[in-house]
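Numbering of the sequence shown is given in the UniProt record's numbering, commencing with residue 1 and proceeding in unit increments. Backbone N, C-alpha and C define an ideal beta-carbon position, used for all residues, glycine too. Note that the coordinates shown come from a computational prediction; the quantities given were computed from them, not determined experimentally.
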Amino acid sequence: MWVYKPAFKRWMAWCRTKEFNTKSRRSEEVAQFLADIFLKEGLAYSTILVQKSAVATYYGMKDDIFSNFLVKQIHKAIHNSKPNFKSSVWDVKQVVDWLKQNPKGDSVFEIVRRTATILLLTSGRRLHDLTLLRIKIPYFTDTGRDICLWPVFGAKTDNGSRWQSG
1 MWVYKPAFKR WMAWCRTKEF NTKSRRSEEV AQFLADIFLK EGLAYSTILV QKSAVATYYG
61 MKDDIFSNFL VKQIHKAIHN SKPNFKSSVW DVKQVVDWLK QNPKGDSVFE IVRRTATILL
121 LTSGRRLHDL TLLRIKIPYF TDTGRDICLW PVFGAKTDNG SRWQSG
C-alpha cells in the first residue's frame, strides 16, 4: 500500500480543492480526477493507471471503477493522446566506426568525449553515472595494466542496501 501513498495524497488534495466528499466513492468523480491530473499535471499514462488503482484499492471498489464507462473513455482518451513510441536502437558498429575514422586531434575535449563514449559502450551504464566517477583513491585504481573507476554513491539504482559496482 505504501506505493500508493503519493497517489492517494494527490486524490485527497484534489477532492479538497473540488470540495468533494472523499468518502463518496463515485466513479464519475474518479474519472474527473483522472482527466484533471492528466490535463493539468501532464502525467504519463502509466502514472494515471497508478492513480486510478490507488483510489480503487483504497475504497475497495475496483470493479466499479474499472468497469465504469466514463472511466474507460477517459483512459482511452489519455492513452490515445500520447501514443507510445519506440525508442530508436543505435548501431554499435556505427559508433565504433566513428571512433576509428574521425580523429579530430588530441584536444582535452576530444579525448574526454571519446573516453566517455567508450566507457558508456563497454559498461552499459547510464550517462548520469559518468558524473559519479572520480579520479582519486579509493574510487580510482591504476595497476599499470588496468584502470578501474568506481562511481560514488548516487546512481539512479543506488539505495541504502545496494551500491553500483565499478
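Bridge partners of Thr117 according to DSSP: none are assigned. Annotation: Lys100 to His128 spans about 25 Å, alpha carbon to alpha carbon. Residue Ile48 holds the alpha-carbon nearest to the alpha-carbon of Ala77 among Ile48, Lys18 and Arg125.
In this structure, the straight-line span from the alpha carbon of Leu34 to that of Phe85 is close to 22 Å. In the same chain as Leu43, and ignoring 5 residues on each side of it, the C-beta atoms closer than 7 Å to its own belong to Ile37, in chain order. Thr117 and Pro138 have their C-alpha atoms roughly 23 Å apart. Arg10 is classed as buried because its beta carbon has at least 16 other beta carbons within 10 Å across all chains shown.
Residues of the same chain with a CB within less than 6 Å of the CB of Ile65, apart from the 5 flanking positions on each side, are Ser27, Val30, Ala56 and Val71 in chain order. Looking at the backbone, the Cα of His75 and that of Thr17 are separated by about 23 Å. In this structure, Phe140 lies near Leu149, with their beta-carbon atoms less than 8 Å apart. By the beta-carbon neighbour count (other beta carbons within 10 angstroms, threshold 16), Lys5 is exposed. DSSP, reduced to helix, strand and coil, places Leu99 within a helical segment of the structure shown.
Taking all protein chains shown into account, Trp14 has 16 or more neighbouring C-beta atoms within 10 Å of its C-beta and is therefore buried.
Taken atom to atom, the span from the alpha-carbon of Tyr59 to that of Ser81 is near 28 Å. DSSP places Leu39 inside the alpha helix (DSSP H), whose first and last residues are Ser27 to Glu41.
Nearest neighbour of Val95 by Cα position, chosen from Leu120, Phe20 and Arg126, turns out to be Leu120.
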